[in-house]
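Read the structure below first, then the notes.
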Amino acid sequence: MLAEEVSFNSRLVRDLAWVIASPPLVSGMLNDTLWWSHEGCYNEYLDCLPALKELDLDPTPLMNHLEQSNAKRLGHRFESLVAYWIIISPNYNLLAKNIQVIKDGHTYGEIDFVIQNSDTQKIIHLEVAVKFYLGSSPYQDPFRWFGTNTKDQLGRKVEHLMLKQTQLGRTHSSYFKKLGIHIDERQCFLKGRLFYPIGTDTPPHGVTSNHLRGRWIQNNTKPVTGLYYPINKKDWLAEINHNDLKQTDIQKEIKKYQKSTCFTELKKNSSGTYQEVNRLFYLPKEFKFPL
164 MLAEEVSFNS RLVRDLAWVI ASPPLVSGML NDTLWWSHEG CYNEYLDCLP
214 ALKELDLDPT PLMNHLEQSN AKRLGHRFES LVAYWIIISP NYNLLAKNIQ
264 VIKDGHTYGE IDFVIQNSDT QKIIHLEVAV KFYLGSSPYQ DPFRWFGTNT
314 KDQLGRKVEH LMLKQTQLGR THSSYFKKLG IHIDERQCFL KGRLFYPIGT
364 DTPPHGVTSN HLRGRWIQNN TKPVTGLYYP INKKDWLAEI NHNDLKQTDI
414 QKEIKKYQKS TCFTELKKNS SGTYQEVNRL FYLPKEFKFP L
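Read in order, the letters of the sequence shown are residues 164 to 454 in the working numbering.
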């Protein structure tokens with residue numbers, strides 16, 4: 164549950180609140196770039212809370228925004244939600260987004276957002292990402308945390324953000340000068356969840372202590388018991404609540420799925436409705452982590 168125990172009725176608003184308030188996977192100063200802290204995200208959420216409550220009464224503006232962005236993939240949906248966050252934030256102004264760096268016919272990358280701090284008036288290059296990784300031994304190594312596409316690794320993603328994406332405004336400053344953009348600061352946040360195998364809680368080096376966690380199992384391991392509900396990738400952000408369980412395909416044990424599937428683990432509360440208590444990632448027997 165988010166700060167102040169606010170339970171939004173609209174799924175879209177809950178996703179937006181999650182995008183703002185959820186703890187980042189990494190924080191601190193990396194390569195002269197501020198990676199947002201959980202405290203910074205929490206304070207931003209509190210400042211946006213009046214707008215979020217108003218949206219929950221009528222989420223049509225947010226719905227229209229997402230439809231216009233036509234974001235099919237989860238990463239693009241996340242970026243669209245970040246854009247709307249900046250629009251409703253009393254602390255920032257959205258100046259530009261998705262600026263491609265093209266010089267001599269070659270594309271060097273793309274800046275996610277250029278925003279302005281309303282208080283300091285400083286221009287900020289902001290890079291954002293959301294990722295979900297499953298850990299394999301040795302768990303301390305961030306390069307041993309993989310997405311279901313095992314070419315995607317936590318260590319590689321952090322390096323790419325730190326060494327390339329957040330530095331585009333610096334390495335191509337003349338390009339942005341021609342566009343009339345002078346970047347004063349670089350900021351970044353990487354949000355998501357890390358899934359641990361049952362039996363270990365050892366985190367990878369460099370992640371925040373309060374990052375969101377889940378568990379993963381494989382169908383050739385000991386089965387787990389409980390109440391589980393499979394969730395589509397577009398719904399991996401905010402917690403599932405009783406409003407989302409319209410067609411309750413709740414399972415007493417996880418079946419042998421043919422593909423990797425994310426589940427929410429549910430329990431009934433005192434009012435008799437289901438609430439999420441954990442996330443569980445199921446891997447088919449054929450799934451293998453790289454050696």
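Note that the Cβ used here is the ideal one computed from N, Cα and C, for glycine as well.
I'd like to confirm something about residue i: is its beta-carbon nearer than 7 Å to some heavy atom of the ligand MG, or not?
i    : result
Q330 : Within the structure as shown, the ligand MG is missing, as the structure has no ligands at all.
Please name the residue, chosen from the options, that lies closest to residue i on a Cα-to-Cα basis.
i    : options                : result
G332 : T363, M192, F276       : F276
A180 : Y247, K285, H335, E322 : Y247
W456 : K216, T365, L408       : Residue numbering for the chain in the displayed model covers 164 to 454; residue 456 lies beyond these limits and cannot be assessed.
A117 : M226, T436, L375       : Examination of residue 117 is not possible in this model, given that the chain is present from 164 through 454 alone.
E417 : I287, Y391, P447, T436 : The residue you asked about is not Glu; residue 417 is Ile in the sequence shown. The residue with the shortest Cα to Cα distance from I417 is Y391.
H368 : I394, S300, R378       : S300
K354 : I344, N373, T363       : N373
F306 : K266, I249, V370       : V370
D210 : L297, I251, G298, A292 : I251
V457 : I346, V189, P213, I413 : Outside the shown range of the chain, which is 164 to 454, sits residue 457, and nothing can be said about it.
Checking the sheet assignment: what are the DSSP bridge partners for residue i?
i    : result
T334 : Bridge partners of T334: none, in fact.
G355 : K294
G377 : F358
K431 : Y437
I394 : C425
A259 : V277
Buried or exposed, going by whether 16 or more other CB atoms sit within 10 Å of the CB of residue i?
i    : result
D195 : exposed
P187 : buried
Y208 : buried
D219 : buried
F426 : buried
I361 : exposed
L165 : In this predicted model, L165 has a pLDDT of only 47, less than 50, meaning its place in the structure is not dependable; the value taken from the coordinates is given anyway. Burial call: buried.
T329 : buried
I265 : exposed
K397 : exposed
F452 : exposed
L326 : exposed
S243 : buried
V321 : buried
For chain B, is any of its Cβ atoms less than 8 Å away from the one on residue i?
i    : result
H323 : The structure shown has no chain B; it contains just one protein chain.
(request) With a floor of 4 residues, list each alpha helix (DSSP H) that falls wholly inside the segment 263 to 323, ordered by position along the chain. (result) Within the segment 263 to 323, complete alpha helix (DSSP H) segments of at least 4 residues are not found at all.
(message) Count Cβ pairs between the segment 379 to 386 and the segment 396 to 409 that sit closer than 8 Å; are there 3 or more?
(response) The count of Cβ pairs closer than 8 Å, one atom from the segment 379 to 386 and one from the segment 396 to 409, stays below three, leaving the stretches out of contact.
(message) Taking contact to mean 3 or more Cβ pairs, one atom from each stretch, closer than 8 Å, check whether the segment 387 to 401 and the segment 337 to 346 are in contact.
(response) No, the segment 387 to 401 is not in contact with the segment 337 to 346.
(request) Let me know the beta strand (DSSP E) ranges lying completely inside the segment 166 to 234, each 3 residues or longer, listed in chain order. (result) Taking only runs of at least 3 residues, the beta strand (DSSP E) segments lying wholly in the segment 166 to 234 are 191 to 193, 196 to 198.
(request) Indicate whether the contact test is met: 3 or more Cβ pairs, each with one atom in the segment 312 to 326 and one in the segment 276 to 287, closer than 8 Å. (result) Cβ pair count under 8 Å is below three, so no.
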